[in-house]
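Enquirer:
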Amino acid sequence: MALRRFRADLHIHTCLSPCGELTMSPRAVVERARAAGLDLIAVTDHNTTENAAAVIRAAAGTGLAVLPGIELTTAEEVHILGLFDAAADLGPFQAEVYRNLPDVPSKMKFVDDQVIVDADDYVTGFSPRCLFGATLYSVQATVDLIHGHGGLAIACHVDRESFSIVSQLGFIPPGLKLEAVEISPRLSPDAARAAFGPFGPLPIVRFSDAHKPEEIGSAVTDFLVAGTSLGEIRLALAGEDGRKVIPS
Amino acid sequence: MTLTDLAAHLELKIFTAGVPLDKPVLGGYASDLLSDVIGHGRKGDLWVTMQVHPNIVAVAVLKDLAGIVLVNGREPAPETLEQAAREKVPLLGARSGAFDLVGRLYGLGVKGS
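If you want it as structure tokens, here you go:
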């Protein structure tokens, strides 16, 4: 199969994340991603996948591929990205996450800012949960949960001083089976290697963590792959079958 | 003051039964960011935290800390307990939160830098 370069931004929030702008609707995300020249994006709201299907539908027929994902907050307040197959039924996964996401008093929620929408940007509901809270899962349990549902687990923005596996735990626990580490847009891959070492065998990816439309594509990772499926990204991160992360 | 003295005064729970508590406590540090403790903890410090991840043991060994007190009645993860026993890092627990525990430690002469 012919391999080619696909440009990906696999860490994008929507209006469902309490910190995501209300303008991050499915159509706006798709439009902006296409304008930024992206081939593949992932929808990764805090502790929820509920807007992912709408973005996948909004992108249908546009040539933009969309993976459903999540940015889970572990009990240690580490952010871990989970990326899943576009056809995966994430209902059981989501139910398990919600069972392990503690409720908090209503005045601490950002209910008005947690908007569930359809593919045409119509509001269909508001999440009543404290999506920004920490789940009860340890880092290890989080990675196991993502893998158990066929997903890829990536440690988020490891160079940041909050919510990163390095800030919270000092270093990446040996034996933790991550697929990659993500660095934030503020750092180049070379600067990340200089600051944090090579992260052992883990590939470094760089995504935007966009909370506003204009941030989409502000950091990207190019993959040499045969297509935009989760399986192809998995091979590229593992450096197998000729697939790879193209160094930027 | 040793950990034995502090455990008695503050009614701390001792998770690592086989680890000696006779090390002198030279000071204290309170933080839940392990990167911060790696940066600012000092040899002989008693570390007050609510993190229970196994990495806390590695940080205590790296910085040669006197021991770790988990606050808010938190229990160490099983792997954390195993590693603490193996590395001989004293692991204690307090029912109170960090603020009250640090205040009482300060009153007993355990101070920061």
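First to last, the sequence lines map onto chains A and B.
Numbering follows my numbering, with no gaps: position 85 of the first sequence is 85.
Heads up, my numbering is the position in the second sequence plus 1000, with the first residue counted as 1.
Cβ coordinates follow ideal geometry from the N, Cα and C atoms, glycine included.
#1: Of the choices B/S1113, B/L1070 and B/F1015, whose alpha-carbon is the least far from that of B/D1100?
#2: Report the neighbours of B/A1084 on chain A: residues whose CB is nearer than 8 angstroms to its CB, in chain order.
#3: Is the shortest distance between the beta-carbon of B/V1069 and the beta-carbons of chain A less than 8 angstroms?
#4: Closest by CA to B/G1041, which one among B/L1006, B/H1053, B/G1103 and B/A1058?
#5: Closest by CA to A/S208, which one among A/R5, A/R186, A/V55 and A/Y137?
#6: If the cut is a Cβ gap below 9 angstroms, which residues of chain B does A/F171 touch?
#7: Could you compute how far the alpha carbon of A/N47 sits from the alpha carbon of A/A35?
#8: Could you pull the start and end residues of the beta strand (DSSP E) that A/T221 belongs to?
#9: For A/A58 and A/S25, I'd like the C-alpha separation in whole angstroms.
#10: Could you list the residues in the segment 1073-1102 of chain B with a C-beta less than 9 angstroms from some C-beta on chain A, going in chain order?
#11: Could you list which residues in chain B have their beta carbon closer than 7 angstroms to that of A/Q94, in chain order?
#12: Is it true that the CB of B/R1104 sits closer than 8 angstroms to the CB of B/L1003?
#13: From B/P1020, B/I1014 and B/D1064, pick the residue whose C-alpha is nearest to that of B/G1028; which is it?
#14: Among B/G1018, B/S1035 and B/A1008, whose alpha-carbon lies nearest the alpha-carbon of A/F171?
#15: Could you check what DSSP says for A/E214 in three-state terms: helix, strand or coil?
#16: Give the range of the alpha helix (DSSP H) segment to which A/V158 is assigned.
#17: Using a C-beta cutoff of 8 angstroms, does A/S184 count as contacting chain B?
#18: Classify A/R186 as helix, strand or coil using the three-state DSSP reduction.
#19: Excluding the five sequence neighbours on either side, which residues of its own chain have a C-beta within less than 7 angstroms of the C-beta of A/F84, listed in chain order?
#20: Taking B/L1021 as the reference, which of B/I1038, B/G1044, B/V1037 and B/A1030 has the closest Cα?
#21: Does the Cβ of B/T1080 have 16 or more other Cβ atoms within 10 Å, making it buried, or fewer, making it exposed?
#22: Helix, strand or coil for B/D1064? Go by DSSP, reduced to three states.
#23: Do we get a CB-CB distance below 8 angstroms when we pair A/S188 with the residues of chain B?
#24: May I ask you to report which of helix, strand or coil DSSP gives A/I172?
#25: Where does the unbroken alpha helix (DSSP H) through B/T1080 begin, and where does it stop?
#26: Does the beta-carbon of A/A174 have 16 or more other beta-carbons within 10 angstroms, so that it is buried, or is it exposed?
#27: Could you name each continuous beta strand (DSSP E) segment of 3 residues or more that falls completely within the segment 1014-1054 of chain B, going from the start of the chain to the end?
#28: Look at the alpha carbon of B/I1068 and the alpha carbon of B/P1024, and state the distance between them as a whole number of angstroms.
#29: Tell me A/V43's beta-bridge partners as DSSP assigns them.
#30: Ends of the beta strand (DSSP E) at A/T124?
#31: Taking C-beta to C-beta, are A/L72 and A/G82 nearer than 8 angstroms?
#32: Under 8 angstroms by Cβ, that's how I've got A/I80 and A/V166 pegged, so tell me the actual separation to the nearest angstrom.
#33: How is the beta strand (DSSP E) around B/G1103 delimited, first residue to last?
Expert: Walking through what the data contain:
#1: Here residue 1100 of chain B is taken as the residue at index 100 of the second sequence, counted from 1. Answer by Cα proximity: B/L1070.
#2: If you number the second sequence from 1, residue 1084 of chain B lands on position 84. Those do not exist, as B/A1084 stays about 15 angstroms from chain A at its closest Cβ, beyond 8 angstroms.
#3: Working through the second sequence from its first residue, we reach residue 1069 of chain B at position 69. Judged by the 8 angstroms Cβ criterion, B/V1069 is not in contact with chain A.
#4: Taking the second sequence and counting its residues from 1, one reaches residue 1041 of chain B at position 41. If we check each option's Cα against that of B/G1041, B/A1058 comes out closest.
#5: Your numbering for residue 208 of chain A matches position 208 in the first sequence. Nearest option by C-alpha distance: A/R186.
#6: Your numbering for residue 171 of chain A matches position 171 in the first sequence. Near A/F171 (Cβ distances below 9 angstroms), the residues of chain B are L1034, S1035, I1038, N1055, A1058 and V1059.
#7: The residue labelled residue 47 of chain A in the question sits at position 47 within the first sequence. The residue labelled residue 35 of chain A in the question sits at position 35 within the first sequence. Their Cα atoms are separated by approximately 28 angstroms.
#8: In the first sequence, residue 221 of chain A corresponds to position 221, counting from 1. Per DSSP, A/T221 belongs to the beta strand (DSSP E) from T221 to V225.
#9: What you label residue 58 of chain A is simply residue 58 of the first sequence in a count that begins at 1. What you label residue 25 of chain A is simply residue 25 of the first sequence in a count that begins at 1. One C-alpha to the other measures close to 10 angstroms.
#10: A1077 and E1079
#11: On the first sequence, position 94 is the one that residue 94 of chain A refers to. By Cβ distance, chain B contributes nothing, its closest Cβ being about 25 angstroms from A/Q94, past 7 angstroms.
#12: Within the second sequence, numbered from 1, the residue matching residue 1003 of chain B stands at position 3. Within the second sequence, numbered from 1, the residue matching residue 1104 of chain B stands at position 104. Their beta carbons are not under 8 angstroms apart, which means B/L1003 does not touch B/R1104 by this criterion.
#13: In the second sequence, residue 1028 of chain B corresponds to position 28, counting from 1. Ranking B/P1020, B/I1014 and B/D1064 by Cα distance to B/G1028 puts B/D1064 first.
#14: For the purposes of this step, residue 171 of chain A is taken as residue 171 along the first sequence, with counting starting at 1. Among B/G1018, B/S1035 and B/A1008, the Cα nearest to that of A/F171 is on B/S1035.
#15: By one-based count along the first sequence, residue 214 of chain A stands at place 214. It is helical.
#16: For the purposes of this step, residue 158 of chain A is taken as residue 158 along the first sequence, with counting starting at 1. Per DSSP, A/V158 belongs to no alpha helix (DSSP H) and is neither H nor E.
#17: On the first sequence, residue 184 of chain A is found 184 positions in, with the first residue counted as 1. It does not: the Cβ of A/S184 has no partner Cβ on chain B nearer than 8 angstroms.
#18: Locating residue 186 of chain A in the first sequence gives position 186, counting from the first residue. Coil.
#19: Taking the first residue of the first sequence as position 1, residue 84 of chain A is located at position 84. Once the five neighbours on either side are set aside, the close Cβ partners of A/F84 are L67, P68, G69, L90, H149, G150, G151 and L230.
#20: Position 21 of the second sequence holds residue 1021 of chain B. Selected option, being the one with the closest Cα: B/G1044.
#21: As a working note, residue 1080 of chain B is residue 80 in the second sequence. That one is buried.
#22: What you label residue 1064 of chain B is simply residue 64 of the second sequence in a count that begins at 1. Three-state DSSP puts B/D1064 in coil, outside helix and strand.
#23: Within the first sequence, the letter at position 188 stands for residue 188 of chain A. No, no contact with chain B.
#24: Looking up residue 172 of chain A in the first sequence gives position 172. Looking at A/I172 - three-state DSSP - the assignment turns out to be coil, as it is neither helix nor strand.
#25: As a working mapping, residue 1080 of chain B is identified with position 80 in the second sequence. That run of the alpha helix (DSSP H) goes P1078 to E1087.
#26: Within the first sequence, the letter at position 174 stands for residue 174 of chain A. The residue you asked about is not Ala; residue 174 of chain A is Pro in the sequence shown. Classification for A/P174: exposed.
#27: 1027-1030 and 1045-1049
#28: The residue given as residue 1068 of chain B occupies position 68 in the second sequence. The residue given as residue 1024 of chain B occupies position 24 in the second sequence. Computed Cα separation, rounded: 13 angstroms.
#29: Stepping through the first sequence from its first residue, residue 43 of chain A is reached at position 43. Answer is A/I12 and A/P68.
#30: As a first step, residue 124 of chain A must be located in the first sequence, where it is residue number 124. Element bounds for A/T124: V123 to F126.
#31: Stepping through the first sequence from its first residue, residue 72 of chain A is reached at position 72. Stepping through the first sequence from its first residue, residue 82 of chain A is reached at position 82. Yes, the pair counts as a contact, with Cβ atoms nearer than the cut-off.
#32: For the purposes of this step, residue 80 of chain A is taken as residue 80 along the first sequence, with counting starting at 1. For the purposes of this step, residue 166 of chain A is taken as residue 166 along the first sequence, with counting starting at 1. Contact flag wrong, Cβ pair sits at about 13 angstroms.
#33: Numbered from its first residue, the second sequence carries residue 1103 of chain B at position 103. Taken as a continuous stretch (DSSP letters only), B/G1103 belongs to no beta strand (DSSP E), being part of the alpha helix (DSSP H) at A1098 to G1107.
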